[in-house]
Amino acid sequence: GEIVDSDSVHVRDLPPQLQGILLKMQVGQSTPPFGTMKEGIRVLVMCGRDEPQAVAKPDRRAIEGAEMDKRVNLRAQRYLRDLRRDAIIEYR
140 GEIVDSDSVH VRDLPPQLQG ILLKMQVGQS TPPFGTMKEG IRVLVMCGRD EPQAVAKPDR
200 RAIEGAEMDK RVNLRAQRYL RDLRRDAIIE YR
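Here our numbering is used: the first residue of the sequence shown is 140, the next is one more, and so on.
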């Protein structure tokens, strides 16, 4: 037998038949044997599961605040640029 460690396998990357089986499995369970004698018989074991993290949508106030910050920063950069351009430097 050969043991293959595949920690980063995503269910959506597997064939549809295996997706249905794996989604119903609990950690520690194994699939029924599948494959052929010529290609090899395989059994998958669910060693762990990482549930996808839900991404919270930003609310309207957060988006408006971020846009306002961008505009204020852009104005500040323009103001500083203009000040530097108009500055008169005297060397003594």
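No residue lacks a Cβ here, since even glycine has one placed at the ideal position from N, Cα and C.
Problem - Where Lys-179 falls: helix, strand or coil (DSSP) - result: As a working note, residue 179 is residue 40 in the sequence shown. In the sequence under discussion, the amino acid at residue 179 is Gly, which differs from the Lys named in the question. Here Gly-179 sits in strand by DSSP.
Exercise for the section: Would you decide whether Leu-213 is buried or exposed? Buried here means 16 or more other CB atoms lie within 10 Å of its CB. Expected result: Mapped onto the sequence shown, residue 213 falls at position 74. Classification for Leu-213: exposed.
Practice task
Check the C-beta distance from Gly-174 over to Arg-181 and give it rounded, since I have them as a contact under 8 Å.
Solution key: Start at 1 with the first residue of the sequence shown, and residue 174 comes out as number 35. Start at 1 with the first residue of the sequence shown, and residue 181 comes out as number 42. Yes, they are in contact, since the Cβ atoms of Gly-174 and Arg-181 sit about 5 Å apart, within 8 Å.
Handout entry: Buried or exposed (CB count within 10 angstroms, at least 16 for buried), Leu-162
Key = By one-based count along the sequence shown, residue 162 stands at place 23. With fewer than 16 other Cβ atoms from the protein chains shown falling within 10 Å of its own Cβ, Leu-162 counts as exposed.
Problem - Cα-Cα separation between Asp-208 and Asp-198, rounded to whole angstroms - result: In the sequence shown, residue 208 corresponds to position 69, counting from 1. In the sequence shown, residue 198 corresponds to position 59, counting from 1. Each residue's alpha carbon lies about 16 Å from the other.
Practice task
Could you check what DSSP says for Val-211 in three-state terms: helix, strand or coil?
Solution key: The sequence position of residue 211 within the sequence shown is 72, counting from 1. Three-state DSSP puts Val-211 in a helix.
Handout entry: Three-state class that DSSP yields for Val-194 in the structure shown
Key = Looking up residue 194 in the sequence shown gives position 55. DSSP places Val-194 in coil when its eight states are reduced to three.
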